[in-house]
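Protein chains in written order, with this note's numbering: chain A, 14 to 323; chain B, 14 to 307. Idealized CB from N, CA, C, for every residue including glycine. Predicted model, so just to flag it, every value in this text is computed and none were measured.
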Amino acid sequence: MSDAIATSQGPPPVVSARGVVKRYGRTTALAGLEAEIGPGITGLLGSNGAGKTTFLSLILGLRIRDEGELLVLGEDPATSGLTVRARIGYAPEHHDLPSELPAADFVRHLAEVHLLPRRAAVQRANDALWLVGLGEERFRSVGAMSTGQRQRVKLAGAIAHDPELVLLDEPTDGLDPVQRTEMLDLIRRVGTEFGMHIVISSHHLEEVERICDAVVIVEGGVVAHAGSLADLRQGPEGFLVEVDERTEELAALLRQRGVDVTERDGLLLLGASDGGHDAVRDAVAELGVGLRRLVPRGRTLEDVYMGTEL
Amino acid sequence: MSTEQGTGARLFGLGYRGYEGERRTPRWAMLTIAVFTVRRVLGLGRPARHKVLPAITLAIAYVPALVSVGLAILLEDLPVGDLITYGEYMFFIGSALALFSALIAPEALCPDRRSGMLGLYLAGPLDRNRYLLAKSAAVLAVMLLITLGPLLFMFAAFVAAGHGPTLGETPELLLQILVVGVVAALGYASLSLAVSSFTTRRAAAAVGVVLLLLVPVIVARSAIESADAPDELDLLSFPFVIGELSYRVFDEFHYEGTPIERLSTSTIAAGAVAWIVAGALVCWLRYRRTENYR
Chain A
14 MSDAIATSQG PPPVVSARGV VKRYGRTTAL AGLEAEIGPG ITGLLGSNGA
64 GKTTFLSLIL GLRIRDEGEL LVLGEDPATS GLTVRARIGY APEHHDLPSE
114 LPAADFVRHL AEVHLLPRRA AVQRANDALW LVGLGEERFR SVGAMSTGQR
164 QRVKLAGAIA HDPELVLLDE PTDGLDPVQR TEMLDLIRRV GTEFGMHIVI
214 SSHHLEEVER ICDAVVIVEG GVVAHAGSLA DLRQGPEGFL VEVDERTEEL
264 AALLRQRGVD VTERDGLLLL GASDGGHDAV RDAVAELGVG LRRLVPRGRT
314 LEDVYMGTEL
Chain B
14 MSTEQGTGAR LFGLGYRGYE GERRTPRWAM LTIAVFTVRR VLGLGRPARH
64 KVLPAITLAI AYVPALVSVG LAILLEDLPV GDLITYGEYM FFIGSALALF
114 SALIAPEALC PDRRSGMLGL YLAGPLDRNR YLLAKSAAVL AVMLLITLGP
164 LLFMFAAFVA AGHGPTLGET PELLLQILVV GVVAALGYAS LSLAVSSFTT
214 RRAAAAVGVV LLLLVPVIVA RSAIESADAP DELDLLSFPF VIGELSYRVF
264 DEFHYEGTPI ERLSTSTIAA GAVAWIVAGA LVCWLRYRRT ENYR
C-alpha cells in the first residue's frame, strides 16, 4: 500500500492517523488505518461498512480507538475530545432535525452549544443561513423545509461557529441534480473562501472528483488509496488504442515500427514515445481498420476506486 | 447609494465571515442545553398546543395552595389546622406530580435520541456525562416548580396574610420546605429520567413513568395486606415514600395505620435516597451504553 499515505511537506496535516484500529466485539471496523488529511477539501470515499463512519466518529472523539495514533488539528480527540470538537463543525447524514424549531433558532442553538455567546450566535446563525441561501427562509420551521433546504440548514449549523474543520456526511444525499450542483458549489465556496478544512464522506465519486483537492479511499478498514486528486488521476504515460478489428496485426505492425505496445482485453496500450500518434494513424490507414479510440492513458477516480486502471 | 464623508455612516450585515470573538467554556454549552430544554418542556417558544399540558399541571399543583391561602385571607377565624398543611401538600398534588414527571423527562430526553440531536450535541464540546447533567438540571429545575414552588408560595402568602410562622420558627420551616421540595423533585426527576432513557418515544416513556408510580402502589400494598409481606415493601411506592417523608419532615402527626407509617423516619429517608440514586444510576448506565451518533 505504497500510495496509502498522502505525505505533505507543507502545512501540518488536519488529520493524521497511524495504525488506527477499532474493533466492535469480534468485528474489526478499522484495521490499522493510515492516512493524512491535509488542508483544503478532502473526500472520504468507501462502500458501506468500509469504515468511513467509524473513522469520522474517531475524528470527533465520540469513539475511542483500540490501537494506533490519531491527531486532529494537532490534538488527540481521545484525550482532548471537548477541545477538538469545539473546533469542528459536523453535519450528519440524516435529515431528522427538530421539526418545530425555526431554522434560525436551530442554527443559533448549535452555535451556542459550540461556545459562542448568545448575541454572536444569533448574528452568525443569520449570516450562515444567508450564506447557504436560506436568509429569507430562516424563520420557517425546519420540519416545513424540503430535503434540500434541510441539507443547507445542516451546513449552516456546521459552519456557524466558524470551525477549523468541517465534517460533512453525505451532504448531497436526497438532492436533485440542480440542488446537488448548488450544494457542491456552496461547499467549495465554504472551503476556499473562509479557510475551513472540509472532509466530505460520500459515495458519489463524481462529486468528490468535482470539488475535492484530495481523496482518502477506505476499504475493509484500511486506506486503499489516498492523495491529491491530481496525483491519483495521473496514470502511466502513453496512449490507449481501440480498433474495430485486426488488433493483433496492428500491434505487430506498430512493434515493427519501434513502438512499445502491450495488448490487454482487446485494447492496445502504447508507451510514451515521440511520434506515437503518427505511427498509429499510419498503421491504421495501412491496414484499413476503423479507429474507435486513441486517447492518452490516464485514470479517473472511478478507475482508482474500482481498480480498473488501463 | 451615495454618502457624504464624515457622516458616520456604518455598514451592517457584512455577511458570513470568520469569527474572532469570545468563545466560552463547555459549561456554557451545558447551560445552553439546560435552558433550551426548560423552554422546550414548558412549551415556551413553541405552538400553543405544547403549552397546554404544562399549564394544566402547574395549575393543579398550585390550586391547593391558592385555595388554602384564599381561605386563610377570607375567613380570618378559620383554624390553621383546617387549612392544607405543608406536610399534606405532596399527597394533595400527587396527580400533578405524576403527570408532570410523565411529561417532563420524556420531553427532555426522548426527542434528542429520536431526531438525532443527541449526535449533534455529542459532536460538540460535550460528552455524555455533561449532556446528562445539563438535561437532569433542566428536568430538576422544572420539577422544582411544582414541588418547591407551591410550598414557597404558600409560605409567602401565609406570612403576608398574617398566618405565617413566628420569626424564630421561620428558618426551620424554610429548611423543611427546602428539604421536602428538593427531595421530591430529585426523586421524580430521577425515576422519570431513568424510564425515559429506555425509549425514544415520548408516549411510551410517559406511560412507563405512570406505571412505575402506580403499579408498585397497588402491588406492594396488596402483598403486605394479603400475603403478610414486610412493611418495607411499601418503600417501592415512591409517591408514598415522598408523602410520608413530607409528614415526618414537617413534624405533622398523622396515623392512618398504613404500612409505611409503621416504618422509621430513617428507613423512609433511606428509601427516598435509594430511589434517587437508582434512577440516576440507571439513566447514566443507559446513556453510557448508547451509541447514537447519527
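- Per the C-alpha coordinates, the member of B:R275, B:Y134, B:L165, B:G107 positioned closest to F251 (chain B) is B:G107.
- For G170 (chain A), same chain residues with a beta-carbon under 6 Å away, outside a window of 5 residues either side, are V120, L123 in chain order.
- Membership of H238 (chain A) in the beta strand (DSSP E) is indicated by the continuous run 235-241.
- Taking a beta-carbon distance threshold of 8 Å, H174 (chain A) counts as an interface residue toward chain B.
- For the C-beta of W41 (chain B), the chain A residues within less than 9 Å are, from N- to C-terminus, E125, V126, L128, L129, P130.
- The Cβ neighbour count for F49 (chain B), taken over all protein chains shown within 10 Å, is at least 16; the residue is labelled buried.
- Non-local beta-carbon contacts of R76 (chain A) in its own chain, meaning distances under 6 Å to residues more than five positions away in sequence, involve S70 in chain order.
- Among the CB atoms of chain A, none fall inside 8 Å of the CB of R261 (chain B).
- Following the DSSP letters along the chain, one finds V203 (chain A) in no beta strand (DSSP E) but inside the alpha helix (DSSP H) bounded by residues 190-206.
- Using a Cβ-Cβ cut-off of 8 Å, L188 (chain A) is close to nothing in chain B; its nearest Cβ partner there is about 18 Å away.
- In this structure, V236 (chain A) keeps its C-beta atom at 8 Å or more from the C-beta atom of T55 (chain A).
- Taking C-beta separations shorter than 6 Å and ignoring five residues to either side along the sequence, the partners of V33 (chain A) in its chain run L43, L46, R78, G81, L83, following chain order.
- Neighbours of Y300 (chain B) across chain A, judged by C-beta separation under 9 Å, do not exist; the nearest C-beta is about 13 Å away.
- Rounded to the nearest angstrom, the gap between the Cα atoms of R261 (chain B) and V65 (chain B) is 34 Å.
- Along the length of the segment 37-102 of chain A, whole alpha helix (DSSP H) runs at least 4 residues long occupy 65-72, 94-99, reported in chain order.
- Here L110 (chain A) is not near V97 (chain A), since their CB atoms are 8 Å or more apart.
- Looking at the DSSP output, L180 (chain A) sits in a beta bridge with A:Y103, A:V212.
- Contact between G100 (chain B) and L157 (chain B) does not hold, since their C-beta atoms are separated by about 18 Å, which reaches or exceeds 8 Å.
- Selection B:S128, B:F104, B:C123 evaluated against S112 (chain A) yields B:S128 as nearest (Cα-Cα).
- D118 (chain A) and F263 (chain B) have their alpha carbons spaced roughly 45 Å apart.
- Within chain B, the C-beta atoms nearer than 9 Å to that of F207 (chain A) come from Y29, R30, G31, in chain order.
- Selection A:A116, A:L129, A:L245, A:A138 evaluated against G137 (chain B) yields A:L129 as nearest (Cα-Cα).
- V274 (chain A) carries a strand assignment under DSSP once its states are collapsed to helix, strand and coil.
- Distance check between S279 (chain B) and each of B:V295, B:F105, B:C296, B:I255 places B:I255 closest, using alpha-carbon atoms only.
- In this structure, the alpha-carbon of E262 (chain A) lies about 16 Å from that of L253 (chain A).
- Spanning the alpha carbons of R151 (chain A) and M167 (chain B) requires a straight line of approximately 44 Å.
- Annotation: the continuous beta strand (DSSP E) that includes L307 (chain A) extends over 304-309.
- Around the beta-carbon of Q247 (chain A), fewer than 16 other beta-carbon atoms lie within 10 Å, marking it exposed.
- Using a Cβ-Cβ cut-off of 7 Å, R59 (chain B) is close to E113 of chain A, given in chain order.
- Put simply, the CB of H107 (chain A) is near chain B, with a gap under 8 Å to one of its CB atoms.
- At a Cβ-Cβ threshold of 8 Å, S205 (chain B) and A118 (chain B) count as neighbours.
- Of A:P309, A:T66, A:R132, the smallest CA-CA separation from D182 (chain A) is found for A:T66.
- Partner residues in the beta bridge of K35 (chain A), as assigned by DSSP, are A:L43.
- Under the three-state reduction of DSSP, I224 (chain A) is assigned to helix.
- Taking 8 Å as the threshold, the shortest C-beta distance from I117 (chain B) to chain A does not fall below it.
- DSSP places L226 (chain B) inside the alpha helix (DSSP H), whose first and last residues are 215-240.
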